[in-house]
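Colleague:
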Amino acid sequence: LPQEHNSLIVDPTNDIRIIGVITVTVLLGISLAGMEWEAKAQILFFLVILVSFINYLVGTVIPATAEKQAKGFFSYRADIFAQNFVPNWRGPEGSFFGLFSIFFPSATGILAGANISGDLKDPAVAIPKGTLMAIFWTTVSYLVLSATIGACVVRDASGSLNDSVAVGSPGCEGLACSFGWNFTACTQQQSCRYGLSNYYQSMSMVSGFGPLITAGIFGATLSSALACLVSAPKVFQCLCKDQLYPLIGFFGKGYGRNSEPIRGYMLTYVIAIGFILIAELNAIAPIISNFFLCSYALINFSCFHASITNSPGWRPSFRYYSKWAALFGAAVSVVIMFLLTWWAALIAFSIVIFLLGYVLYKKPDVNWGSSMQASSYNMALNYSVGLSEVDEHIKNYRQGQLIACLVLTGPPNFRPALVDFVGTFTKNVSLMLCGNVLIGPRKQKMPESQLMADGHTKWLMKRKIKAFYTDVVAEDLRSGVQMLIQAAGLGKMRPNILVLGYKRNWRTASPQSLEDYVGILHDAFDFKYGVCLMRMKEGLNVSRVLQAH
Numbered sequence: 001l002p003q004e005h006n007s008l009i010v011d012p013t014n015d016i017r018i019i020g021v022i023t024v025t026v027l028l029g030i031s032l033a034g035m036e037w038e039a040k041a042q043i044l045f046f047l048v049i050l051v052s053f054i055n056y057l058v059g060t061v062i063p064a065t066a067e068k069q070a071k072g073f074f075s076y077r078a079d080i081f082a083q084n085f086v087p088n089w090r091g092p093e094g095s096f097f098g099l100f101s102i103f104f105p106s107a108t109g110i111l112a113g114a115n116i117s118g119d120l121k122d123p124a125v126a127i128p129k130g131t132l133m134a135i136f137w138t139t140v141s142y143l144v145l146s147a148t149i150g151a152c153v154v155r156d157a158s159g160s161l162n163d164s165v166a167v168g169s170p171g172c173e174g175l176a177c178s179f180g181w182n183f184t185a186c187t188q189q190q191s192c193r194y195g196l197s198n199y200y201q202s203m204s205m206v207s208g209f210g211p212l213i214t215a216g217i218f219g220a221t222l223s224s225a226l227a228c229l230v231s232a233p234k235v236f237q238c239l240c241k242d243q244l245y246p247l248i249g250f251f252g253k254g255y256g257r258n259s260e261p262i263r264g265y266m267l268t269y270v271i272a273i274g275f276i277l278i279a280e281l282n283a284i285a286p287i288i289s290n291f292f293l294c295s296y297a298l299i300n301f302s303c304f305h306a307s308i309t310n311s312p313g314w315r316p317s318f319r320y321y322s323k324w325a326a327l328f329g330a331a332v333s334v335v336i337m338f339l340l341t342w343w344a345a346l347i348a349f350s351i352v353i354f355l356l357g358y359v360l361y362k363k364p365d366v367n368w369g370s371s372m373q374a375s376s377y378n379m380a381l382n383y384s385v386g387l388s389e390v391d392e393h394i395k396n397y398r399q400g401q402l403i404a405c406l407v408l409t410g411p412p413n414f415r416p417a418l419v420d421f422v423g424t425f426t427k428n429v430s431l432m433l434c435g436n437v438l439i440g441p442r443k444q445k446m447p448e449s450q451l452m453a454d455g456h457t458k459w460l461m462k463r464k465i466k467a468f469y470t471d472v473v474a475e476d477l478r479s480g481v482q483m484l485i486q487a488a489g490l491g492k493m494r495p496n497i498l499v500l501g502y503k504r505n506w507r508t509a510s511p512q513s514l515e516d517y518v519g520i521l522h523d524a525f526d527f528k529y530g531v532c533l534m535r536m537k538e539g540l541n542v543s544r545v546l547q548a549h
């Protein structure tokens, strides 16, 4: 546009860089001012776009002047629409997917509402309604623009008033001949400067007042850029707060009442400047399209996965939601990624797989309530139920898969030797339950049970012992062990061996204590359990050492 009006600052490429840097800097200032200013700016941009749109539609019904006809505009014509309705790819890279990769970023703003969900009053209502309305009106406006300009402007025009001829003149080829214009020469030489295929400012030429179209283009561009500049740092801030990856916690700090991610804004600003300095939209668009398609594929697959795992937290209220539509959307996004730019698709997937692998390997201490947790529960439940149909066999027993131990450890960290000993022959492939009997009144001991259970489980995980921890509250040790023997386990995943330590103080212990200990051994045999006693010279219980430490 500056080149057309002879208003270049330096040259076309550097002008893009200069204007782009200035524009992004202004948008950064609006973002730093807060969501209130961003919302006001978006309303202003919307009004500019609306006025520009109306101005364009009014221009299409105004009779074409000779100057506009020379540039290919002939008002609404059915034959022009019919010709433009079919494709006419030009150049070595002319193809549907080449055009799709360039056009697709214009439809990537539909997630702007979801990205700022934390700032919405009622996200559950606002996001679905706003997103669906955005998709509907965006689709309608794009179709109206394409259909109207495709019905008014021919593909090639010279722009010269001297090319007007009488209708039906010999030697004239092309649709414009029937309207009294001969663009044959420039069409054959592929040197036409105007027309729908050559002139980027065709909408300005068609409209009632050209500068309003330029304002609308700026409004649409700035609106989309501002939405991305505001929403991307907020999503990134959540990742930083969870400490998912090293060195990103610096960007998780929020400022002000709304915890604005100012550091995230600055990072996004630097990245945006980097892409602006490339100064070639057609080179950037396929890369951006691939990453957006990748994110859409992951979002769609996440919805599908949450549905098939019956995640309790996933309850979509949209009436026409279908998990198969979500899976189809994910598959289509992946296919289009590779059809657009296969190498960019490979890079995008490599980055996603690397990030996912890192999270799975590091296992950060965060709890999102993800569908993977629901999937793990479903798989465990299905396999446990399915195990009831499996018959026991001596081969499985010899492999240790039917050796299941109930270990009377008390708190597991009090008897680590007993835990480690049993772990050596369960070998992480057999069931191991660490049982603890809390002796005393139920009302007094239940809070202790709930408070300590997670700590004991984490201790086992830190020691890399694959075992479960369970406790019961009972009036005495023997009745508590009877409860554990009868109730521990699930289906066929039930212990069949009782492991306990040898009673070292049998000489000094009370008669009742000795009777309970011997009674536990008899109870185990009565319930068809095997019994394993472990004896160490220095004893198993290290609780006194731990308490002293």
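No gaps in the numbering here: position 150 of the sequence shown is 150 in full-length UniProt numbering, and each next residue is one more.
The C-beta atom is built at its ideal place from N, Cα and C for all residues, glycine as well.
1) Taking only the alpha-carbon atoms, compute the straight-line gap between Lys323 and Ala297 and give it to the nearest angstrom.
2) Could you name the residues of the same chain whose beta carbon sits closer than 6 Å to that of Phe291, not counting the 5 residues immediately before and after it, in chain order?
3) Taking all protein chains shown into account, do 16 or more other C-beta atoms lie within 10 angstroms of the C-beta of Pro63, making it buried, or fewer, making it exposed?
4) With DSSP collapsed to three states, give me the class of Gln399.
5) Return the Cβ separation of Val473 and Met446 in integer angstroms, given the expectation that the two are a contact with Cβ distance under 8 Å.
6) Using 10 angstroms around the beta-carbon of His522, count the other beta-carbons present and answer buried if the total reaches 16, otherwise exposed.
7) Cβ atoms of Phe527 and Ile485: under 7 Å apart, would you say?
8) Enumerate in chain order the residues of its own chain whose CB-to-CB distance from Ala107 is below 7 Å, with the five nearest sequence positions on each side excluded.
9) Could you give the DSSP three-state label for Glu38: helix, strand or coil?
10) Within this structure, are the beta carbons of Ala215 and Ser52 separated by less than 7 Å?
11) Are there 16 or more other CB atoms within 10 angstroms of the CB of Gln237, so buried, or fewer, so exposed?
12) In terms of DSSP beta bridges, what is Val472 paired with?
13) Pick out the complete alpha helix (DSSP H) segments inside the segment 258-346, 4 residues or longer, and give them in chain order.
14) Inspect the beta-carbon positions of Ala285 and Pro105 and report whether they are closer than 7 Å.
15) Which first and last residues belong to the alpha helix (DSSP H) in which Val24 is found?
16) May I ask which residues mark the beginning and end of the beta strand (DSSP E) holding Val230?
17) Going straight from the alpha carbon of Val206 to that of Tyr255, what length do you get?
18) What's the C-alpha gap between Ala380 and Phe468?
19) Nearest-angstrom Cα distance between Asp516 and Leu477?
20) Measuring only the C-alpha atoms, how far is Pro2 from Leu277?
21) List the DSSP bridge partners of Trp181.
22) Within the same chain, show all residues whose beta-carbon is closer than 8 Å to that of Ala283, passing over the 5 residues directly before and after it, in chain order.
23) Between the segment 144-164 and the segment 191-208, do three or more beta carbon pairs fall short of 8 Å?
24) Just to check, is the beta-carbon of Ala107 closer than 6 Å to a non-hydrogen atom of the ligand MG?
25) Leaving out the 5 sequence neighbours to the left and right, which residues in its chain are closer than 7 Å to Gly249 when beta-carbon positions are compared?
26) Would Asp471 and Leu418 qualify as a contact pair, given that the criterion is a beta-carbon distance under 7 Å?
Modeller: Result, derived from the coordinates:
1) 13 Å
2) Ala348
3) exposed
4) Note that Gln399 scores a pLDDT of 43, beneath 50, so its modelled location is shaky; the value from the coordinates is reported in the next line. Three-state DSSP puts Gln399 in coil, outside helix and strand.
5) 6 Å
6) exposed
7) yes
8) Thr138
9) helix
10) yes
11) buried
12) Val437
13) 262-278, 281-308 and 323-340
14) yes
15) Pro12 to Ala33
16) Run containing Val230: none in the beta strand (DSSP E); it sits in the alpha helix (DSSP H), Gly210 to Lys241.
17) 47 Å
18) 14 Å
19) 7 Å
20) Note that Pro2 scores 49 on pLDDT, short of 50, meaning its location in the model is unreliable; the coordinates nonetheless yield the value given after this. Each residue's alpha carbon lies about 18 Å from the other.
21) Ser164
22) none
23) yes
24) Looking at this structure, you won't find the ligand MG or any other ligand, since it has none at all.
25) Cys240 and Gln243
26) no
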